[in-house]
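Enquirer: All the letters of the sequence shown, read from the start, carry residue numbers 935 to 1146 under my numbering. Every residue, glycine too, gets a C-beta built ideally from N, C-alpha and C. This structure is a prediction, so every number in the text was calculated from the model and none was measured.
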Amino acid sequence: MPFNTYIVWFNDAFDTVENAAEALNGAVLPPVNTDDPEAIISAVGHHLESIGYCRALILGVQPVVDYIFGENRLEAMPCRNSNSYTAAVVIPAVDGSMVSQTGTLNTDDLLLLLLAASPAYADIAWLLKDVAYGSSNYTVHLSERLSMEDARWLYSRHQQTIVDWMQKNQLSLSHFDADTATVLTQTDKVCLAVVYRWACHTVRAYLHHLAQ
């Protein structure tokens, strides 16, 4: 499932744009028709409002490739001294064929894209961005590419999700071959084992829905 990255420019007339840019940066938004620029701006505005900021802060939204072109050729870039800020957001790519005549996403496509748009899956998919993975090999690719640093990063971003997954599946650290001594002396090893199993579960769930 392809993802599109967009750069959001903020209106320098507002004092809150620095905080808003920091809060928005890196967000994975729900799917919209990415052929429709207004739908993209609306999605960004809705997310801004959901995190406590006004959509009027948005000056414009552009694909990241256009932003890079402007930065390289035109030297158009944010500047803190001018109260000019930007943020990057990710939106799952949806073309017009996935949108019904009423202008809404078809139900099956919506379910898939909502799953793909989850921050947890998006982060894991980024680790696998250079490989072709499927139900027969995703565990191998995750094992090869999930480093200790990656595991700590994923855990820091999705700690509550991972804890909830463990509780739902009645998993304790003993299920990861971690006794008290291991937990106290090899914390990173335990983190890697837990995050790897959770990442496998997350990818497996996505592939399962994709196959339906």
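Just grab the DSSP bridge partners of Pro997 for me.
Expert: Tyr940
Enquirer: Determine, using beta-carbon pairs with one atom in the region 941-955 and one in the region 1012-1021, whether at least three such pairs fall under 8 Å.
Expert: yes
Enquirer: Check whether the region 1070-1083 touches the region 1100-1108, taking contact to mean three or more Cβ pairs, one atom from each stretch, closer than 8 Å.
Expert: no
Enquirer: Can you look up Pro1026 in the DSSP assignment and give me helix, strand or coil?
Expert: strand
Enquirer: Please report the residue range of the alpha helix (DSSP H) in which Ile975 lies.
Expert: Counting along the chain, Ile975 sits inside the alpha helix (DSSP H) bounded by residues 971-984.
Enquirer: Taking only three categories from DSSP, how would you classify Ala1066?
Expert: coil
Enquirer: Closest to Asp1064 by C-alpha separation, out of His981, His1075, Tyr1055, would be which residue?
Expert: His1075
Enquirer: Does the beta-carbon of Val999 have 16 or more other beta-carbons within 10 angstroms, so that it is buried, or is it exposed?
Expert: exposed
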